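**Q**
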Amino acid sequence: MKIKSLLLKYKWIVLAIVLIPTIIIVGQKILGSKEAGTQQQLTSTVKRGTITSYVSTTGTIQAANYLAITTSVNGIVKKVYVTEGEKVVKGQKIMEVTLDSEGERSLADAYSSYLRAKNSLESAKNSLYGLETAMLQKEEAFEDEKETNSYQDHDERLSYKYAENEYLQAKNAYEIQKSSIKQAEIALESAYSEYQAYSSTITAPANGVIANIVATEGTKIENSVTSDRSVETVASIKQEGTPTASLNVTEVDINNIKVGQKAKLTLSSISDQTFEGTVTGIDKIGTQSSGVSNYPVIVKFDSDNDKVLPNMSVTADIIIESHDNTLYVPTSAINTAGDTKYVLVPEGAGQKKATVKVGISDDSNTEILEGLNENDVVILSTLPTEGFTSSSKNSSNDRGGGMMMGGPGM
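First residue of the sequence shown? That's 1 in UniProt numbering, and the numbers climb one at a time after it.
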């Protein structure tokens, strides 16, 4: 009995050793099957709407239609003729300053420079008159030579050529003098501005509304006498018009920017508003810092706002291209194989590749030009591509580039 009992005991031990691994393997297969059955593919559908590509950048408010009223005088403010919010016209008196000795000396020097520039312009004009008279005489002689000369012999041809050269030289001298007059006019204008800057009477440089008066009666104004000409701002003029922003665009995106493109602008100091603007200027020279080239782009606001002030930080999205009523899918559905773009679409219990032609992109969606229809289902997750069949062979045309983009709308 003891031997039989012992054999029976070992029989159950051996049976347990054999069955336990089998139970574990079967259990793992069942559990794995359940997990696989609950796993879902990430999918989306092809939608129709608006997709917009844009360059996102930052910058500062360059001018908010505030024009500084400056002076280069040295002295003490004697009288202020205007108040905050008062409308003024160009040339209107703003302040009167009692000049100190340095201010008087600077004013005298500026006036002397103005007189010299004025005399130079008058002299240039007189010279132009003489050159014009000489040119007309040479022209008349040349025309006479053309009418009477038959060009039959050597002397006649020489005479004609001489008259022509005389006229051309006189005309060239006249044109050079005209250019000199333009330079003299610029010099005179500069000298007059210099004189005004040192004048004891400070005037409005343009029409507008007075703002930010910082100098009052009794204020001492001191400007550097070591520099060519320093200035001090005593007030500002708010002019009609809209603010402008100077934005930095990198070399990657600058060739996508064109004058006339629209932009959406936001300011952290005015977080509850979004402004619209238009690109009005592009600096194609640019600057380089830390190996990166940036190009200033000027955007003018479409409307005015008193809260927008100079030197405020601004973020802008410059719209490059916008397509309405177009098909698009999430960008995560787009796959690339060489030069070909494709998406994965469900097919029975599996999936297949569908080659697509793409258009513009934003930061989350890509336009579909060919290869899919509205409401088609696409797979978003990345899956192996071996063994899938291709539904088409359209070429790819990805124009998204290196730009940061905006979102779609319906």
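Just so it is clear, CB atoms sit at the ideal spot from N, CA and C, and this is done for glycine as well.
All values reported here derive from a predicted model rather than from experimental measurement.
Under 8 Å, do residue 411 and residue 237 count as touching if we go by C-beta distance?
**A** Lying before the first or after the last residue shown, residue 411 is absent from the chain, which here runs from 1 to 410.
**Q** Are the beta-carbon atoms belonging to residue 368 and residue 309 less than 8 Å from one another?
**A** Translated into the one-based positions of the sequence shown, residue 368 becomes position 368. Translated into the one-based positions of the sequence shown, residue 309 becomes position 309. Cβ distance not < 8 Å, so residue 368 and residue 309 don't count as in contact.
**Q** Check whether the region 95-114 touches the region 193-204, taking contact to mean three or more Cβ pairs, one atom from each stretch, closer than 8 Å.
**A** Counting Cβ pairs under 8 Å, three or more are found: they touch.
**Q** Here's the rule: buried if 16 or more other CB atoms are within 10 angstroms of the residue's CB, otherwise exposed. What is residue 341?
**A** On the sequence shown, position 341 is the one that residue 341 refers to. Buried, by the Cβ-count rule.
**Q** Leaving out five residues before and five after residue 164 in sequence, what residues of the same chain have Cβ atoms less than 7 Å from its Cβ?
**A** To locate residue 164, count along the sequence shown from 1; it is residue 164. Same-chain partners within the cutoff: 142.
**Q** With 16 as the cutoff for other CB atoms within 10 Å, does residue 353 come out buried or exposed?
**A** Mapped onto the sequence shown, residue 353 falls at position 353. By the neighbour-count rule (16 or more Cβ atoms within 10 Å), residue 353 is buried.
**Q** Any chance the region 272-286 sits against the region 331-349, with 3 or more Cβ pairs inside 8 Å?
**A** Output reads no: the region 331-349 does not touch the region 272-286.
**Q** Round the Cβ separation of residue 67 and residue 239 to the nearest angstrom and send it over; I've been treating them as touching at under 8 Å.
**A** Taking the sequence shown and counting its residues from 1, the one referred to as residue 67 is at position 67. Taking the sequence shown and counting its residues from 1, the one referred to as residue 239 is at position 239. So it is a contact: roughly 6 Å between Cβ atoms.
**Q** Express the C-alpha separation of residue 279 and residue 258 in angstroms, rounding to a whole number.
**A** Sequence index remark: in the sequence shown, residue 258 carries index 258 (1-based). Sequence index remark: in the sequence shown, residue 279 carries index 279 (1-based). Distance between the alpha carbons of residue 258 and residue 279: 7 Å.
**Q** Go ahead and pull the three-state DSSP assignment for residue 284.
**A** Your numbering for residue 284 matches position 284 in the sequence shown. Looking at residue 284 - three-state DSSP - the assignment turns out to be coil, as it is neither helix nor strand.
**Q** Among all the DSSP beta bridges, which residues are the ones paired with residue 66?
**A** What you label residue 66 is simply residue 66 of the sequence shown in a count that begins at 1. Bridge partners of residue 66: 238.
**Q** Following the continuous alpha helix (DSSP H) through residue 103, name the residue where it begins and the one where it ends.
**A** Here residue 103 refers to the residue found at position 103 of the sequence shown. 101-148 is the span of the alpha helix (DSSP H), which, as asked, contains residue 103.
**Q** Considering only their Cβ atoms, is the gap separating residue 311 from residue 60 smaller than 8 Å?
**A** For this step, residue 60 is matched to residue 60 along the sequence shown. For this step, residue 311 is matched to residue 311 along the sequence shown. In contact: residue 60 and residue 311 (Cβ atoms closer than 8 Å).
**Q** Relative to the C-alpha of residue 112, which candidate in 193, 85, 295, 98 has its C-alpha closest?
**A** Position 112 of the sequence shown holds residue 112. When only C-alpha atoms are compared, the closest one is 193.
**Q** With DSSP run on the structure shown, which of helix, strand or coil describes residue 325?
**A** Here residue 325 is taken as the residue at index 325 of the sequence shown, counted from 1. Residue state, collapsed to three classes: strand.
**Q** On the DSSP bridge list, what partners appear for residue 339?
**A** Sequence index remark: in the sequence shown, residue 339 carries index 339 (1-based). Residue 339 is not bridged to any residue.
**Q** Is the distance from the Cβ of residue 63 to the Cβ of residue 244 below 8 Å?
**A** Here residue 63 corresponds to residue number 63 of the sequence shown, with the count starting at 1. Here residue 244 corresponds to residue number 244 of the sequence shown, with the count starting at 1. Yes. Within cutoff.
**Q** For residue 42, tell me which candidate among 362, 364, 203, 332 has the shortest Cα-Cα distance.
**A** For the purposes of this step, residue 42 is identified with residue 42 of the sequence shown, where counting begins at 1. Of 362, 364, 203, 332, the residue nearest in Cα terms is 332.
**Q** What residue does the beta strand (DSSP E) around residue 295 start on, and which one ends it?
**A** Taking the first residue of the sequence shown as position 1, residue 295 is located at position 295. That run of the beta strand (DSSP E) goes 292-301.
**Q** By the three-class DSSP mapping on this structure, what secondary structure does residue 255 have?
**A** In the sequence shown, counting from the first residue as 1, residue 255 sits at position 255. DSSP places residue 255 in helix when its eight states are reduced to three.
**Q** Report the rounded CA-to-CA distance for residue 389 versus residue 321, giving the unit in angstroms.
**A** Position 389 of the sequence shown holds residue 389. Position 321 of the sequence shown holds residue 321. Residue confidence is low: residue 389 scores 36 on pLDDT, short of 50, so the model does not pin down where it sits. No coordinate-derived value is stated.
**Q** Rounded to whole angstroms, what is the Cα-Cα separation between residue 294 and residue 188?
**A** For the purposes of this step, residue 294 is taken as residue 294 along the sequence shown, with counting starting at 1. For the purposes of this step, residue 188 is taken as residue 188 along the sequence shown, with counting starting at 1. So the alpha carbons of these two residues sit roughly 37 Å apart.
**Q** With C-beta atoms as the reference, is residue 300 less than 8 Å away from residue 242?
**A** Counting from one through the sequence shown, the residue named residue 300 turns up at place 300. Counting from one through the sequence shown, the residue named residue 242 turns up at place 242. Closer than 8 Å, so yes.
**Q** Count the other CB atoms within 10 Å of the CB of residue 57; is the residue buried (16 or more) or exposed (fewer)?
**A** Position 57 of the sequence shown, counted from the start, is the residue given in the question as residue 57. Classification for residue 57: buried.
**Q** What three-state label does DSSP hand residue 183 in the structure shown?
**A** Residue numbering aside, residue 183 sits at position 183 when the sequence shown is read from its first letter. Helix, per DSSP.
**Q** Is residue 91 closer than 8 Å to residue 203 when the C-beta atoms are compared?
**A** Position 203 of the sequence shown, counted from the first residue, corresponds to residue 203. Position 91 of the sequence shown, counted from the first residue, corresponds to residue 91. Contact: yes.
**Q** Rounded to whole angstroms, what's the CA-CA distance from residue 365 to residue 247? Just pull it up for me.
**A** Translated into positions along the sequence shown, residue 365 becomes position 365. Translated into positions along the sequence shown, residue 247 becomes position 247. Roughly 26 Å between the two C-alpha positions.
**Q** Measure the alpha-carbon distance for residue 216 versus residue 121 and round it to whole angstroms.
**A** Residue numbering aside, residue 216 sits at position 216 when the sequence shown is read from its first letter. Residue numbering aside, residue 121 sits at position 121 when the sequence shown is read from its first letter. Rounded to the nearest angstrom, the two C-alpha atoms are 39 Å apart.
**Q** Exposed or buried, which one is residue 288 when buried takes at least 16 other CB atoms within 10 Å?
**A** Sequence index remark: in the sequence shown, residue 288 carries index 288 (1-based). Exposed: under 16 other Cβ atoms inside 10 Å.
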